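Participant:
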Amino acid sequence: MPLSGTSSSQLTATGVPRPGGAGTIAGRTVSRVGYGAMQLERLHADRDAAIALLRRAVELGVDHVDTAQFYGDGFVNGLIRDAFRPGDGVTVVSKVGADPDPGGAVPLRPAQRPEQLRASVEDNLAALGLDQIPVVNLRRLDAGPGLRAEGDQVVDLDDQLAVMTALRDEGKIGAIGLGSVTLDGLRRALPAGIACVQNSYSLVSRGDEELLRLCAQEQIAWVPFFPLGGAFPTMPKVTDDPAVAAVARSLGRTPSQIGLAWLLHHAPNTLLIPGTANAGHLEANVAAGTIELDDAALAALDAVESRSGDIALG
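Position 94 of the sequence shown, counting from 1, maps to 94 under the UniProt record's numbering, and the rest follow consecutively.
#1: If you drop the 5 nearest sequence neighbours on each side, which residues of the same chain put their C-beta closer than 6 Å to that of S4?
#2: By Cβ distance below 7 Å, which residues in the same chain neighbour A50 in space, the five residues on each side in sequence not counted?
#3: Does the Cβ of S9 have 16 or more other Cβ atoms within 10 Å, making it buried, or fewer, making it exposed?
#4: Rounded to whole angstroms, what's the CA-CA distance from A26 to G174? Just pull it up for me.
#5: If contact is defined by three or more beta carbon pairs under 8 Å, each pair taking one atom from either stretch, is the stretch 88-103 in contact with the stretch 136-155?
#6: How about V197 and L178: are their beta carbons less than 8 Å apart?
#7: For L301, which residues from the same chain have a beta carbon less than 8 Å from its beta carbon, with the 5 sequence-adjacent residues on both sides left out?
#8: Measuring CB atoms only, is the stretch 229-239 touching the stretch 265-279, in the sense that at least three cross pairs come out at less than 8 Å?
#9: When you compare the CB positions of V76 and Y35, do they come within less than 8 Å of one another, or not?
#10: Does DSSP classify S200 as helix, strand or coil?
#11: Tell me which same chain residues have a C-beta within less than 6 Å of the C-beta of A297, skipping the five on either side of it?
#12: DSSP beta-bridge partners for L11?
#13: For F225, list the residues DSSP reports as bridge partners.
#14: Who are the Cβ neighbours of R206 in its own chain at under 6 Å, not counting the five residues just before and after it?
#15: Contact defined as beta carbons within less than 8 Å: I believe R32 pairs with G21. What is the distance between those atoms, to the nearest angstrom?
#16: Quick one: what's got a C-beta closer than 8 Å to L161's C-beta in the same chain, skipping five residues either side?
#17: Would you report the Cα separation of M1 and L212, rounded to the nearest angstrom?
#18: Measure the C-alpha to C-alpha separation of T6 and W222 and round it to an integer number of angstroms.
#19: Is it right to say D208 is buried, meaning 16 or more other beta carbons lie within 10 angstroms of its own, or is it exposed?
#20: For the candidate residues P17, N124, G23, G87, whose alpha-carbon lies nearest to that of F70?
#21: Short of 8 Å in beta carbon distance, which residues of its chain neighbour M164, apart from the five on each side in sequence? Order them along the chain.
#22: What residues in its chain sit with their C-beta under 6 Å from that of I311, if we drop five residues either side in the sequence?
#23: Only counting the same chain, and skipping five residues up and downstream in sequence, which positions put a Cβ closer than 6 Å to that of F225?
#24: Within this structure, are the beta carbons of G74 and A127 separated by less than 8 Å?
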């Protein structure tokens, strides 16, 4: 289902049905089941396999790909540059707000200052070989699992939006998104024009329900990361839940597919970007977009307890 009030083709530019149907981000029609490119770092030693995986995504109807310059310190963006062709019609979404830190406890460090955001956009443009990135998410460090800002990395949202708006006015980015943002932060940012929100969210971790409702009201795409939970040891996993397993058995699907399908059914503005470095898993993720959940299955899944397990790193 596309966002309310929109109409769009169910086929990609290459004539393939869009998995999950058609959705909208920044005024662009995209597949509701997209692809998150972070795990392509795992294929650093086999570049041909990584490019083949991206080409397979296009064959399957994926035309929304999420990336970042800090994925493999530019390696993943280079793959995207070489794998996709103009005729594929792929909408590439990137993000800023962190830089690579290969020697750190985690491989990222905050990069929240306005000059760092601008530099990161420039790095993304160069690595992707683009004149304009369709959407760039400002990854705040306010909410959800992951990094936290300290010292001079604690930057007011208005100062960050000022540089992001300037980059949009200059034509270097097409639209602004937000990631790891609070409800108050999104409300403050609405006048700047927000195309999408990326927060950690899954069937078993639904603390951002009010934020999701605001996105739906404002026709902002909701792009949950960690859609199956479990990214850190303290986070609950969708696939461990008995209700998810029961629905999966009844439909002959995997628990992962049911977790993804629930997200698509739960809110019409949801766009998924599950990541993998495995072609079989990619095909299974795409197939989740075809799953129909009847009222009984949805009731069982909706009744699953939402549990927190967020941790801060850094």
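Heads up, the beta-carbon is just placed ideally off N, CA and C, and yes, glycines get one too. Because the structure is a prediction, the values reported are computed rather than measured.
Facilitator: According to the structure shown:
#1: For S4, the predicted structure reports a pLDDT of 41, less than 50, and the residue's modelled location is therefore unreliable. The matter cannot be settled from this model.
#2: Once the five neighbours on either side are set aside, the close Cβ partners of A50 are L40, L43, L79.
#3: A residue is called buried once 16 or more other Cβ atoms fall within 10 Å of its Cβ, and S9, having fewer, is exposed.
#4: Near 8 Å, if we compare the C-alpha coordinates of G174 and A26.
#5: At 8 Å Cβ cutoff, the stretches touch.
#6: Going by C-beta atoms, V197 is nearer than 8 Å to L178.
#7: Taking C-beta separations shorter than 8 Å and ignoring five residues to either side along the sequence, the partners of L301 in its chain run L203, A243, V244, V247, I258, W262, L293, following chain order.
#8: Contact between the stretch 229-239 and the stretch 265-279 is absent, because fewer than three Cβ pairs lie under 8 Å.
#9: No, they are not a contact pair.
#10: Three-state result, S200: strand.
#11: So the list reads V247, once near-sequence residues are dropped.
#12: For L11, which the question treats as bridged, DSSP gives the partners P17.
#13: Bridge partners of F225 according to DSSP: S200.
#14: If the five residues before and after R206 are omitted, its C-beta is found closer than 6 Å to the C-beta atoms of S306, all from its own chain and listed in chain order.
#15: Indeed they touch by this definition, with Cβ atoms about 5 Å apart.
#16: Same-chain partners within the cutoff: L138, I176, A189, A192.
#17: Low confidence applies to M1: its pLDDT is 37, below 50, so where it sits in the model is not reliable, and the reading given next is rough at best. For M1 and L212, the distance between alpha carbons rounds to 16 Å.
#18: Because T6 sits at a pLDDT of 34, beneath the cut-off of 50, its placement in the model cannot be relied upon, and the point is left open.
#19: D208 is buried by the Cβ-count criterion.
#20: Nearest neighbour of F70 by Cα position, chosen from P17, N124, G23, G87, turns out to be N124.
#21: Cβ within range, chain order: L117, V136, L138, I173, I176, A192.
#22: Because the pLDDT at I311 is just 45, under 50, the model does not fix this residue reliably, and the value given afterwards should be weighed accordingly. Close CB contacts of I311 within its chain, under the 6 Å cut and outside five residues either way in sequence, are with P145, F232, T234 (chain order).
#23: Counting only Cβ-Cβ distances below 6 Å, and skipping sequence neighbours, we find Q198, S200.
#24: Yes, the pair counts as a contact, with Cβ atoms nearer than the cut-off.
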